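**Q** Before I ask anything, here is the structure I am working with.
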Amino acid sequence: MGLIGDLACPNYYFRHRALHCVVLLFFAGCIYLAAGDRISHDGAKSPSSSGCNNTYQLVMVKSWLNSVEHPEIVGVSARFGATLPRYLSKAVKGPALLTNPVTSCGKLSSKLSGTIALAMRGDCDFTDKAKVAQSAGAAGLMVTSDDEELYEMVCSGNESAISITIPVIMIPKSAGDNLRKSLSDGGRMVVLLYSPIRPVVDISAVYLWLMAVATVICASVWSNIVSYDQDQRSSVENINGAIEKDIIEISTKGAIIFIVGASVFLLLLYVFMSKWFIKLLVALFCIGSVQGMQFVMVSLFSRMFRGCGRITLELPVLGEVTILSIVVLPFCVAFAIVWATHRESTYAWIGQDTLGICLMITVFQMAQLPNIKVASALLVSAFLYDIFWVFISPFIFKESVMIAVARGGNSGGGAIPMLLRLPRFFDPWGGYDMIGFGDIIFPGLLVAFSRRFDKENKKGLLNGYFFWLSFGYGFGLFLTYLVLYLMNGHGQPALLYLVPCTLGLIIILGWIRGELRLLWSHENPNSSDTSAAEA
């Protein structure tokens, strides 16, 4: 009855993109679901004594130079000293002043009454710096790190009791150098210190949940979204049959190879992460996402303007190409270039999410799971993969490889682009909530299979599987966020919750309905024409 948007996408489109699909599935497995960094931790491994047992806090530093506000700085509090207030109205505020000597070690040459002292790291213990500043009347002390890392300021092991009553924080080297230069040039600097509360749930988490669930559902029913009535049914069937030949049907062996390949790729990212490597990933992402956006736009425009997808040209190498695909390609390329050149801007997430969603929709149309036997191989492998690289890898690499890669590692602050992200709109600390492509694609392939299975077997909404797996995916993602916030923002492997809520659900439903054997050994009606994703 209906014709999917394939009229607008001749066979060349999928043929030239099959390899990209395989590559993208490797990319898909390397990201986890994460929220912003935790703003405190108890420092259980740090030395503890009376007056030296504070919980470490992230500290917000606001500054004004000659009454002009400067960008905020994020620091970390010490194991000792006063605890900073949570609310802006109770913040510690005062003029900033350089210590002399610059390290605040030894007797100071001037009084610091009511000021926030700025000292450099080195020459003596952190507690000695704080005692000197406190004895000079300072209201607080900022210690400049010797690099961009923020270190735990602990007490020396031979101190049994500490009586430091002023707040002491460490700030990054670049921020400290800027403050020091402004003060050395004679500027009047006022600083304000506090540790605002991070909201338990930011609205961005809700939007990200909706984006992920909507992407899975939309990609699963894409053929219905872009379908329209067509009288010439025979031509429709011919086009659909041609496209089916270029769909990648994942095999059990291919599913396991995907996960092994994703692990190798993740390890390469971890070892070789750098600015140039990030730029390479951005370039690859742009190539794939341009093709994804082109596919989505061509399909939608062909649905809205029914005749425009039928006019084709014969081009060298590419073969038969629709005029519509040529027309939309420059826009897609320009969109990706603008995003790539402005990806550090505050609004870059809009372009990244748009490109990413288009890319994933295209992957869903090119890759299929034939049955839940293959789905089990893929999802169970991905389940173990996620757990290993998030929870077990720290015992081998001293840190979570997955978390290090997702946050940019040694890339100079840049993050890999294969994820959806949203800024934490109402979080005073800023940052992003994000979810990796793998947490959408892997369980989403099973949801898409359930849709095809229901359609082939003429199942309704409630006695089918698509509705329940869509619900299961949404519920599993909700559980992930729930645990994420219960764990104080520590990144979670989303597949730990998504796999039981999708694969587990379809197995239970199939067993209850007596259809488990059919689901397990189901074959695509066009499987004889479909290429398997074998290594």
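Take the sequence shown: its position 472, counting from 1, is numbered 472 in the UniProt record's numbering, and each next residue is one higher. The beta-carbon is built from N, C-alpha and C at its ideal position, and this holds for glycine as well. Quick caveat, the model's predicted, so the values are computed rather than measured.
1) Expressed to the nearest angstrom, what Euclidean distance is found between the alpha-carbon atoms of residue 191 and residue 333?
2) Going by C-alpha distance, which of 284, 248, 358 is nearest residue 294?
3) To the nearest angstrom, report how far apart residue 398 and residue 166 are at their CA atoms.
4) Just the Cα atoms here: how many angstroms apart are residue 315 and residue 335?
5) Which first and last residues belong to the alpha helix (DSSP H) in which residue 487 is found?
6) What span of residues does the alpha helix (DSSP H) with residue 497 cover, start to end?
7) Based on the DSSP output, what are the partners of residue 313 in its beta bridges?
8) Would you please state the rounded distance, in angstroms, between the beta carbons of residue 130 and residue 116? I believe it to be under 8 Å.
9) For the region 360-430, which segments carrying the beta strand (DSSP E) assignment without a break, of at least 3 residues, lie completely within its bounds, in sequence order?
10) With burial defined as no fewer than 16 other Cβ atoms inside 10 Å of the residue's Cβ, what is the status of residue 437: buried or exposed?
11) Give the straight-line distance between the Cα atoms of residue 254 and residue 347, rounded to the nearest whole angstrom.
12) When the Cα atoms are used, what is the spatial distance from residue 428 to residue 196?
13) Within its chain, find whatever has a CB closer than 6 Å to the CB of residue 237; leave out the 5 residues flanking it on each side and keep chain order.
14) What is the DSSP secondary structure of residue 436, counted as helix, strand or coil?
15) Below 6 Å CB to CB, which residues in the same chain sit around residue 39 once its five sequence neighbours on both sides are set aside?
16) Checking 8 Å against the spacing of the C-beta atoms, do residue 52 and residue 155 come in under that value?
17) Since residue 148 and residue 173 are thought to touch, with beta carbons under 8 Å apart, how far apart are those beta carbons, to the nearest angstrom?
18) Distance check for residue 355 and residue 460, CA to CA, integer angstroms please.
19) What's the C-alpha gap between residue 37 and residue 350?
20) Can you say whether residue 344 is buried or exposed, counting buried as having 16 or more other CB atoms within 10 angstroms of its CB?
21) From residue 446 to residue 341, what does the alpha carbon distance come to, in whole angstroms?
22) Measure the Cβ-Cβ separation of residue 418 and residue 272 and say whether it is below 8 Å.
23) Looking only at DSSP bridge pairs, what is residue 141 linked to?
24) Mapping DSSP to helix, strand and coil, what is residue 456?
25) Who are the near neighbours of residue 86 in its chain, counting only those whose CB is closer than 8 Å to its CB and skipping five residues on each side?
26) By the three-class DSSP mapping on this structure, what secondary structure does residue 174 have?
27) The alpha helix (DSSP H) that contains residue 292, what's its start and end?
28) The ligand PLP and residue 463: does the residue's C-beta get closer than 7 Å to at least one heavy atom of that ligand?
29) Quick check: the Cα distance between residue 106 and residue 137, rounded to an integer number of angstroms?
30) Pick from 150, 323, 104: whose alpha carbon is nearest that of residue 75?
31) Write down the C-beta distance between residue 449 and residue 365 rounded to the nearest angstrom, noting that I regard them as a contact closer than 8 Å.
32) Could you give the distance in angstroms between the alpha-carbon of residue 44 and the alpha-carbon of residue 56?
33) Based on the DSSP secondary-structure assignment, which residues constitute the bridge partners of residue 70?
34) Give the single residue among 204, 282, 386, 133 whose Cα lies nearest to the Cα of residue 499.
35) Pull up the CB-CB distance for residue 372 and residue 477, whole angstroms please, since I reckon it's below 8 Å.
36) Would residue 201 pass as a contact of residue 81 if the rule is Cβ separation under 8 Å?
**A** Put simply:
1) So the alpha carbons of these two residues sit roughly 45 Å apart.
2) The option with the nearest alpha carbon to residue 294 is 358.
3) Between the alpha carbons of residue 398 and residue 166 lies a gap of roughly 34 Å.
4) A direct Cα-Cα distance of roughly 24 Å separates residue 315 from residue 335.
5) Counting along the chain, residue 487 falls outside any alpha helix (DSSP H), and DSSP gives it neither H nor E.
6) Its alpha helix (DSSP H) spans residues 495-513.
7) According to DSSP, which records beta bridges pairwise, residue 313 is partnered with 321.
8) At roughly 13 Å, the Cβ-Cβ gap does not stay under 8 Å, so residue 130 and residue 116 are not in contact.
9) DSSP runs (the beta strand (DSSP E)) wholly in the region 360-430: 419-423.
10) Burial call: buried.
11) Per the coordinates, the alpha-carbon of residue 254 lies some 38 Å from the alpha-carbon of residue 347.
12) C-alpha separation (whole angstroms): 7 Å.
13) Summary for residue 237: the model assigns pLDDT 41, below 50, so the residue's position carries little reliability; its value from the coordinates is reported in the next sentence. Closer than 6 Å at Cβ, skipping near neighbours: no residue.
14) Three-state DSSP puts residue 436 in a strand.
15) Because residue 39 sits at a pLDDT of 48, beneath the cut-off of 50, its placement in the model cannot be relied upon, and the following sentence gives the value as read from the coordinates. Here the set comprises 58, 198.
16) For residue 52 and residue 155, yes; Cβs fall inside 8 Å.
17) Indeed they touch by this definition, with Cβ atoms about 6 Å apart.
18) When rounded, the distance between both Cα atoms is 33 Å.
19) Below a pLDDT of 50, predicted positions are generally treated as unreliable, and residue 37, at 49, falls in that range; the measurement from the model is reported next regardless. The straight-line gap separating the alpha-carbon atoms of residue 37 and residue 350 is approximately 22 Å.
20) Exposed.
21) Using only the alpha carbons, I get a separation of about 35 Å.
22) For the 8 Å CB-CB criterion, residue 418 and residue 272 do not form a contact.
23) Bridge partners of residue 141 according to DSSP: 117, 168.
24) In the structure shown, residue 456 sits in a helix (DSSP, three-state: H, G or I).
25) 194, 195, 196, 197.
26) DSSP places residue 174 in the helix class (H, G or I) of the three-state scheme.
27) It spans 275-304 - the alpha helix (DSSP H) in which residue 292 sits, taken as one unbroken run.
28) Because no ligand of any kind appears in the structure shown, any question about the ligand PLP cannot be addressed here.
29) The alpha-carbon atoms of residue 106 and residue 137 are separated by roughly 15 Å.
30) Nearest C-alpha to residue 75: 150.
31) About 13 Å separates the two Cβ atoms, so there is no contact after all.
32) Confidence in residue 44 is poor, its pLDDT being 47 and thus under 50, which makes the residue's placement too unreliable to answer from.
33) Looking at the DSSP output, residue 70 bridges to 63.
34) Ranked by Cα distance from residue 499, the options 204, 282, 386, 133 are led by 386.
35) The beta carbons of residue 372 and residue 477 sit about 20 Å from each other, so the pair does not count as a contact at 8 Å.
36) Their beta carbons are not under 8 Å apart, which means residue 201 does not touch residue 81 by this criterion.
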